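Under the numbering used here, the first residue of the sequence shown carries the number 66, and numbering increases by one thereafter.
Glycine included, every Cβ here is placed at the ideal spot set by N, Cα and C.
The model shown is predicted, which means the values in this text are computed figures rather than measured ones.
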Amino acid sequence: MNQHTLKRSYTYKGNGLHTGQPVEMTLLPAPENNGIVFQRIDLNGDSFVEAKVENVSHTSRSTVLAKNGVEVGATEHLLSALYGMGVDNALVQLNASELPILDGSAKPYADDITEDGLQDQRVERKYFTVTKPFSYKDEKSGAEIVVTPSDRLEIEVEVDYNSKVLGVQYADYHDGMDYAKEIAPNRTFCFFHELEPLLSHNLIKGGDLDNAIVIVEHPVPQETLDKMRLLFNAGDLKVTQGYLSNVQLHFSNECARHKLLDIIGDFALLGLPLRGKIVAKKSGHSINTKAVQALIYQLK
Ligand SMILES: [Zn+2]
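If you want it as structure tokens, here you go:
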């Protein structure tokens with residue numbers, strides 16, 4: 066199969082979830098073998114950052130890339146969409162340090178690409194082929210990623226937060242499934258008890274309650290809900306079966322499906338489409354990117 070790029074350019078406006086900064090971002094077609102490259106057009110000089118694992122700078126709440134002091138944050142949902150939709154080459158221009166959160170999923174990107182299709186290119190696609198089993202484990206958190214040989218991409222995810230609401234959730238995906246329908250729409254999530262400290266540390270400035278699923282593990286007094294409603298400028302809030310009523314779930318296992326979306330975005334940092342089977346438990350951006358790094362190192 067040949068490489069593909071976008072048929073046209075797409076512009077998105079929004080706010081960064083963590084910085085709260087307004088940002089305008091444009092995806093543009095790019096030539097063969099370009100890969101996915103970010104460009105900060107608000108900075109002077111060489112402001113390009115390749116979507117490669119060697120440029121990962123930190124992973125505390127999203128996957129942040131940086132090169133020569135040029136930072137691009139919250140890359141994972143866009144990279145997931147480009148990978149899932151089969152885009153090998155694209156230039157991503159933005160005028161702030163963090164991508165827009167949009168609705169918390171990869172759906173806006175996937176829908177646009179679905180509508181136009183892709184531009185076929187003249188050079189054959191290369192793959193990152195897993196040739197022997199590989200595993201990466203974080204003893205402290207119990208997070209684990211195992212990658213084994215397969216002639217296509219396959220992913221299995223297990224999510225376990227010791228949560229009464231979520232229980233243990235599973236999601237799976239493989240090449241040939243409809244990424245735009247099955248994976249892209251799944252939104253990011255957080256726990257209610259995480260929100261208040263984040264708010265007081267100014268870490269969720271851009272979030273208006275439309276872009277995250279909020280899981281409510283413990284009973285919440287009405288006055289706390291009222292306070293949240295004011296902070297987020299939201300309508301009436303209640304708790305239904307452990308979820309805050311700000312959004313309706315797209316899938317009963319939406320949280321596991323979102324973790325899978327994130328894994329695709331982080332594994333896109335391999336720089337080539339993966340042929341291998343990923344089995345992930347308690348995954349997150351930190352272990353995802355460390356596993357990608359170790360996988361490249363091991364196969365060298
Ligand atoms: Zn995510």
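Chain-order list of residues whose beta-carbon lies under 7 Å from that of residue i (same chain, five-residue window excluded)
i: A321; result: V222, V224, Q234, Y235 and A236
i: G151; result: H69 and L183
i: G79; result: V88, P165, I166 and L167
i: S228; result: I280 and E282
i: N318; result: Q234, Y235 and A236
i: G336; result: G100 and K117
Sequence-distant residues of its chain with Cβ nearer than 6 Å to residue i (five each side left out)
i: A245; result: A175 and T179
i: H123; result: V129
i: V304; result: V281
i: V195; result: V212, P214 and G341
i: L159; result: V88 and M90
i: N120; result: V114, L130 and K132
i: D107; result: N160
Residue environment, residue i, which counts as buried when at least 16 other CB atoms sit within 10 Å
i: M66; result: exposed
i: L231; result: buried
i: Q186; result: buried
i: V188; result: exposed
i: R252; result: buried
i: G207; result: exposed
i: T76; result: exposed
i: H142; result: buried
i: L364; result: exposed
i: S348; result: buried
i: Q313; result: exposed
i: R73; result: exposed
i: R217; result: exposed
i: L295; result: exposed
i: V357; result: buried
Nearest-angstrom Cβ-Cβ length linking residue i and residue j, presumed shorter than 8 Å
i: I329; j: S145; result: 4 Å
i: V135; j: S112; result: 5 Å
i: A359; j: Y201; result: 5 Å
i: I210; j: I352; result: 6 Å
i: N311; j: L302; result: 7 Å
Own chain, CB closer than 8 Å to residue i, minus 5 neighbours either side, in chain order
i: A155; result: T70, L71, L92, L93, P94, A95, N99, I101, V102 and L147
i: A139; result: G81, L82, H83, S127, T128, V129, E163, L164 and I166
i: P198; result: V211, V212, T213 and P214
i: V285; result: F257 and V304
Closer than 7 Å: residue i CB and nearest ligand 2 heavy atom
i: E204; result: Absence of ligand 2 from the depicted structure is noted, with ligand 1 being the only ligands included.
So if I measure from each beta-carbon to every heavy atom of ligand 1 and keep distances below 6 Å, which residues remain? Chain-ordered list of matching residues: E141, H142, T253, H323 and D327.
Whole runs of the alpha helix (DSSP H) within the segment 143-223, excluding any shorter than 4 residues: 172-181
Quick check for students: name the residue ranges of the alpha helix (DSSP H) that lie wholly in the segment 264-339, counting only runs of 4 or more. Segments of the alpha helix (DSSP H) lying fully in the segment 264-339: 287-297 and 319-332.
What beta strand (DSSP E) runs, 3 residues minimum, are completely inside the segment 103-139? 113-115, 121-123, 129-132 and 135-137
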